[in-house]
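Engineer:
Number of protein chains: 2
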Amino acid sequence: MSTVAALAHTPEPPYYAVIFTSLRREGDHGYAAMADRMVELGSRMEGFLGIESTRDTNGLGITVSYWRDEGSILAWKRNAEHAKAQKAGGEIWYESYTVRIAKVERAYTGP
Amino acid sequence: MSTVAALAHTPEPPYYAVIFTSLRREGDHGYAAMADRMVELGSRMEGFLGIESTRDTNGLGITVSYWRDEGSILAWKRNAEHAKAQKAGGEIWYESYTVRIAKVERAYTGP
Numbered sequence: 136m137s138t139v140a141a142l143a144h145t146p147e148p149p150y151y152a153v154i155f156t157s158l159r160r161e162g163d164h165g166y167a168a169m170a171d172r173m174v175e176l177g178s179r180m181e182g183f184l185g186i187e188s189t190r191d192t193n194g195l196g197i198t199v200s201y202w203r204d205e206g207s208i209l210a211w212k213r214n215a216e217h218a219k220a221q222k223a224g225g226e227i228w229y230e231s232y233t234v235r236i237a238k239v240e241r242a243y244t245g246p
Numbered sequence: 136m137s138t139v140a141a142l143a144h145t146p147e148p149p150y151y152a153v154i155f156t157s158l159r160r161e162g163d164h165g166y167a168a169m170a171d172r173m174v175e176l177g178s179r180m181e182g183f184l185g186i187e188s189t190r191d192t193n194g195l196g197i198t199v200s201y202w203r204d205e206g207s208i209l210a211w212k213r214n215a216e217h218a219k220a221q222k223a224g225g226e227i228w229y230e231s232y233t234v235r236i237a238k239v240e241r242a243y244t245g246p
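Structure follows, in structure tokens:
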């Protein structure tokens, strides 16, 4: 997702992380526009704390979004426009992906 | 880290994730060799479950490593060669970074 090129500033733990790792198929097929739209839409959701996203030239991408609690994550998953993008993701854009929901217990920054 | 360009196959949760997000300074200064060496070394540690790592052309990188438990993470953090790389990271390679330790509670794959 081209719109996110910075580290997220999140509050003190505990909070939640959704770790989305994926391998892209070749070709854009509307992917970049969808990804930008999802960042825009997701970041306006209640309980959204931040997002970090990157993809290398091999097509491997990692997006981590941060959330106040599990309820916020569930509401975002069920958002109608996001649900449509999730469906298209499996059909068009992703060769394979993994979603992990994790509770952030500790965090520190450097240097 | 150029050696890791695939999704990790992790066991059923619960397990732990270390989410390392960073902004690189310009220039290699031995970074690529160190990164490869840390993947090689870390993946031989007791309790290591997998790693996913990617960096885009803006210098934003995300590496997520997966571990059986907190003890495994602590042992890796204290590994002498890794500790030396962590110190050099703050001095030479990273503009800024965040480390988050999170307990993976749920996971699913697709499509």
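Residue numbers (this note's numbering), protein chains in the order written: chain A, 136 to 246; chain B, 136 to 246. Ideal Cβ positions, reconstructed from N, Cα and C, are used throughout, including at glycine.
Using a Cβ-Cβ cut-off of 8 Å, state whether D204/A counts as contacting chain B.
Structural biologist: D204/A does not count as touching chain B.
Engineer: Pick helix, strand or coil for G196/B, following the three-state DSSP scheme.
Structural biologist: Residue state, collapsed to three classes: strand.
Engineer: Nearest CA to the CA of I154/A: which residue from G165/A, P146/A, P148/A and S200/A?
Structural biologist: It is S200/A whose Cα lies nearest to the Cα of I154/A.
Engineer: How would you write the range of the beta strand (DSSP E) that I186/A sits in, first residue to last?
Structural biologist: Unbroken beta strand (DSSP E) run through I186/A: F183 to R190.
Engineer: For the beta strand (DSSP E) containing S157/B, list its first residue and its last residue.
Structural biologist: Where S157/B is concerned, the enclosing beta strand (DSSP E) stretches over Y150 to R159.
Engineer: For A231/A, which of helix, strand or coil comes out of DSSP?
Structural biologist: Looking at the sequence itself, residue 231/A is Ser, so the reference to Ala does not match. The answer is strand: DSSP assigns S231/A an E or B state.
Engineer: Determine contact between the segment 144-164 of chain A and the segment 225-241 of chain A, defined as no fewer than three beta-carbon pairs at a distance below 8 Å.
Structural biologist: Enough Cβ pairs lie closer than 8 Å, so yes.
Engineer: Measure the C-alpha to C-alpha separation of L195/A and A141/B and round it to an integer number of angstroms.
Structural biologist: Cα-Cα distance, rounded: 7 Å.
Engineer: For the segment 162-173 of chain B, list every residue whose C-beta sits within 9 Å of some C-beta in chain A, in sequence order.
Structural biologist: Under the 9 Å Cβ criterion, the segment 162-173 of chain B contributes no residue.
Engineer: In the DSSP output, what is G245/A paired with across the bridge?
Structural biologist: DSSP lists Y232/B as partners of G245/A.
Engineer: Going by DSSP in three states, A237/A sits in which element: helix, strand or coil?
Structural biologist: Here A237/A sits in strand by DSSP.
Engineer: What do you get for Y243/B, buried or exposed, if any count of 16 or more other CB atoms within 10 angstroms of its CB means buried?
Structural biologist: Exposed: under 16 other Cβ atoms inside 10 Å.
Engineer: What's the call for S137/B, buried or exposed, on a 16-neighbour Cβ count within 10 Å?
Structural biologist: For S137/B, the predicted structure reports a pLDDT of 46, less than 50, and the residue's modelled location is therefore unreliable. A value from the coordinates is still provided. Classification of S137/B: exposed, given that the 10 Å Cβ count is below 16.
Engineer: Going straight from the alpha carbon of E240/A to that of R213/A, what length do you get?
Structural biologist: Cα to Cα, E240/A sits roughly 25 Å from R213/A.
Engineer: Mind listing the chain A neighbours of R190/B? Cutoff is C-beta to C-beta under 8 Å, in chain order.
Structural biologist: Within 8 Å Cβ-Cβ: T189 and D191.
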